[in-house]
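> Quick note on numbering: the sequence shown equals residues 0 to 405 in numbering that gives the first Met the number 0.
Just so it is clear, CB atoms sit at the ideal spot from N, CA and C, and this is done for glycine as well.
Quick one: structure below, then a few questions.
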Amino acid sequence: MASAHEDFIPVASAASSLAGIACETNTGLETVPLSRETSFAYWQQDIPREYWDLDARQLVDRVAEARRKLGRRLIVLGHHYQREDIIQFADFRGDSFKLAQWAAQHPESEFIVFCGVHFMAEAADILSAPHQKVVLPNMAAGCSMADMADPEDVYACWEELEEAGIAGKVVPVTYMNSAASLKAFCGRHNGIVCTSSNATAVLKWAFERGEKVLFFPDQHLGRNTGAKMGIPLDRMSLWNYNQPFGSLGGMTLEELERSRVILWQGHCSVHQRFTVDQINAARAKYPDIHVVVHPECRYEVVQAADSNGSTEFIARTITEAPPGSKFAVGTEINLVSRLAHENPDKLVFCLDPVVCPCSTMYRIHPAYLAWTVEELAAGRIVNQVRVDEETARYAKIALDRMLTVV
Ligand code: 13P
Ligand code: SF4
Numbered sequence: 000m001a002s003a004h005e006d007f008i009p010v011a012s013a014a015s016s017l018a019g020i021a022c023e024t025n026t027g028l029e030t031v032p033l034s035r036e037t038s039f040a041y042w043q044q045d046i047p048r049e050y051w052d053l054d055a056r057q058l059v060d061r062v063a064e065a066r067r068k069l070g071r072r073l074i075v076l077g078h079h080y081q082r083e084d085i086i087q088f089a090d091f092r093g094d095s096f097k098l099a100q101w102a103a104q105h106p107e108s109e110f111i112v113f114c115g116v117h118f119m120a121e122a123a124d125i126l127s128a129p130h131q132k133v134v135l136p137n138m139a140a141g142c143s144m145a146d147m148a149d150p151e152d153v154y155a156c157w158e159e160l161e162e163a164g165i166a167g168k169v170v171p172v173t174y175m176n177s178a179a180s181l182k183a184f185c186g187r188h189n190g191i192v193c194t195s196s197n198a199t200a201v202l203k204w205a206f207e208r209g210e211k212v213l214f215f216p217d218q219h220l221g222r223n224t225g226a227k228m229g230i231p232l233d234r235m236s237l238w239n240y241n242q243p244f245g246s247l248g249g250m251t252l253e254e255l256e257r258s259r260v261i262l263w264q265g266h267c268s269v270h271q272r273f274t275v276d277q278i279n280a281a282r283a284k285y286p287d288i289h290v291v292v293h294p295e296c297r298y299e300v301v302q303a304a305d306s307n308g309s310t311e312f313i314a315r316t317i318t319e320a321p322p323g324s325k326f327a328v329g330t331e332i333n334l335v336s337r338l339a340h341e342n343p344d345k346l347v348f349c350l351d352p353v354v355c356p357c358s359t360m361y362r363i364h365p366a367y368l369a370w371t372v373e374e375l376a377a378g379r380i381v382n383q384v385r386v387d388e389e390t391a392r393y394a395k396i397a398l399d400r401m402l403t404v405v
């Protein structure tokens, strides 16, 4: 049985500060010393000089030694998109929902080193016990989609909905990929958080409480979920946050009144790269292929795929399939190549022949993990993610609502 590893998988150098914007196909997924990373200039710079030139082997050994010293005081959480040199240290790996759930249910370890992106570490800080400290190895590991919902823009949108007499009918729903202050906004306004693994159940919850939903920041997850629930596309409108205040996000009042879901015009640059043409090409080559994509992909891509779901869903679908199964996958390359490697009896490859890693997930280079865990072992905490008390209180309301929705 062929494996995706038989083919060279070109990947992006991730030189852009925005995920997936500038793909160059001249490098692999292997770790190189920080000083040789073309993107290092865009990353957190205050990491001590001694870590810059260490190679992957040296870094892995140093992380292992610091972990040994810290024992059960430290737990490492890893999102599925993390690179192999990081994921090997993850005590627990999962999608954003599973990782948040883990943080809410495990008060035993003193330090949670979160190998993922900033919004995930914030959620872990909010949901974990007060004595636990959450550390993000590289503070520049953000999410370009989350950045598309600037809290000030969302507050301005809400104000416009209030002035238009619509806000009273609207339940705000924020995707987990958003700042803690937006989760708090949802907590204050009878809203809720969702992830890609529970978006349908969350929208159902929201429609039991309001006529309309304001969904941010990912238009695609919102549209795909609304469509799955039977909401026609013409009842889902797009709020362009770049429009000046007072222009209803580029819509007429009638359009807004007709809308059941108001979608924020955000997207994930990694998932927007997948196309229906790629699906057709995969099917032409392998007529019995199963195409599985993340719901952050465009509507037409999700419609053309055989199945869609969170990173955990994708991993489970492939892992549980019988030997000989074939999968074309529409999600981030670190997860796809890991699944190909862990399932040598199946064909697993990425839909996009020019593969972009998520450049912000990629910023969790092992040098940062080595630095943060060695500091912890030495009794110092660096890169602690701390959400202020007031924000955390309201954000927790919206997160707790999500955790109880099934
Ligand atoms: P999951 O919740 O599926 O892990 O997705 C998080 C994410 O950022 C996908 O781009
Ligand atoms: Fe954000 Fe996209 Fe990266 Fe997920 S893959 S963390 S949505 S930029």
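1. Starting from the C-beta of residue 341, find all residues in its chain whose C-beta is less than 8 Å away, skip the five residues before and the five after it, and write them out in chain order.
2. Between which two residues does the alpha helix (DSSP H) containing residue 119 stretch?
3. How many Å lie between residue 280 and residue 313 at the Cα?
4. Counting only the same chain and skipping the five closest in sequence on each side, list residues whose C-beta sits under 7 Å from that of residue 390.
5. Less than 9 Å between the beta carbons of residue 414 and residue 173, yes or no?
6. Is it buried or exposed for residue 53, if we count other Cβ within 10 angstroms and need 16 for buried?
7. Helix, strand or coil: how does DSSP classify residue 307 here?
8. With three or more C-beta pairs closer than 8 Å as the rule, is the region 88-97 touching the region 339-359?
9. May I ask whether a heavy atom of the ligand SF4 can be found less than 8 Å away from the beta carbon of residue 116?
10. What ranges does the alpha helix (DSSP H) occupy inside the region 309-374, keeping only unbroken runs of at least 4 residues that lie completely in it?
11. How is the alpha helix (DSSP H) around residue 133 delimited, first residue to last?
12. In whole angstroms, give me the CA-to-CA distance for residue 212 and residue 135.
13. Between residue 217 and the ligand SF4, is there a pair consisting of the residue's CB and a ligand heavy atom that are separated by less than 8 Å?
14. Helix or strand or just coil, what does DSSP make of residue 4?
15. I need the boundaries of the alpha helix (DSSP H) containing residue 401, first residue and last residue.
16. At the level of alpha carbons, what is the spacing between residue 335 and residue 380?
17. Is it the case that the CB of residue 266 approaches a heavy atom of the ligand 13P more closely than 8 Å?
18. Is the CB-CB distance between residue 395 and residue 186 below 9 Å?
19. Is the region 243-259 touching the region 149-169 in the sense that three or more CB pairs, one from each, lie closer than 8 Å?
20. Nearest-angstrom Cα distance between residue 16 and residue 242?
21. Under 8 Å, with one C-beta from each stretch per pair, do the region 214-234 and the region 193-200 reach the 3-pair mark?
22. Specify the secondary structure class of residue 31 as computed by DSSP and reduced to three states.
23. Alpha carbon to alpha carbon, what distance is there between residue 311 and residue 102?
24. Given a cut-off of 9 Å, decide if residue 170 and residue 209 are closer than it, judged by their beta-carbon atoms.
25. Taking a contact to mean a Cβ-Cβ separation below 9 Å, would you say residue 273 touches residue 300 in this structure?
26. Kindly indicate which three-state DSSP category residue 407 falls into: helix, strand or coil?
27. Using DSSP's beta-bridge definition, name the partner residues of residue 217.
28. Per DSSP, what are the beta-bridge partners of residue 92 in this structure?
29. Report the rounded CA-to-CA distance for residue 204 versus residue 295, giving the unit in angstroms.
30. Which partner residues does residue 173 have in the DSSP bridge list?
31. Does DSSP classify residue 111 as helix, strand or coil?
32. With respect to the beta strand (DSSP E) encompassing residue 238, which residues constitute its N-terminal and C-terminal limits?
33. Can you tell me whether DSSP reads residue 289 as helix, strand or coil?
34. Roughly how far, in whole angstroms, is the beta-carbon of residue 55 from the beta-carbon of residue 37, given that I think they are within contact range, below 8 Å?
Looking at the atomic coordinates:
1. 318
2. Its alpha helix (DSSP H) spans residues 117-126.
3. 20 Å
4. Closer than 7 Å at the Cβ level, and outside the excluded window around residue 390, lie 179, 180 and 183.
5. Coverage of the chain is limited to positions 0 through 405, which leaves residue 414 absent and any answer about it impossible.
6. buried
7. strand
8. Segments in contact, no.
9. yes
10. 310-318 and 332-341
11. First-last for residue 133: 132-134, but that is the beta strand (DSSP E), not the alpha helix (DSSP H).
12. Going by the C-alpha atoms only, they are around 32 Å apart.
13. yes
14. The pLDDT assigned to residue 4 is 31, lower than 50, so where the model puts this residue is not dependable, and the model offers no usable value.
15. Where residue 401 is concerned, the enclosing alpha helix (DSSP H) stretches over 388-403.
16. 33 Å
17. no
18. yes
19. yes
20. Low per-residue confidence applies at residue 16: pLDDT is 36, beneath 50, and the placement is therefore not dependable, though the value from the model is reported in the following sentence. Cα to Cα, residue 16 sits roughly 24 Å from residue 242.
21. yes
22. coil
23. When rounded, the distance between both Cα atoms is 17 Å.
24. Yes, the Cβ-Cβ distance between residue 209 and residue 170 is below 9 Å.
25. yes
26. Nothing can be reported for residue 407: it is not among the residues displayed for the chain, which extend from 0 to 405.
27. 265
28. 77.
29. 21 Å
30. 192 and 215
31. Assignment of residue 111 by DSSP, reduced to helix, strand and coil, places it in the strand class.
32. 235-238
33. In the structure shown, residue 289 sits in a strand (DSSP, three-state: E or B).
34. With a contact defined as Cβ atoms closer than 8 Å, residue 55 and residue 37 miss out at about 17 Å.
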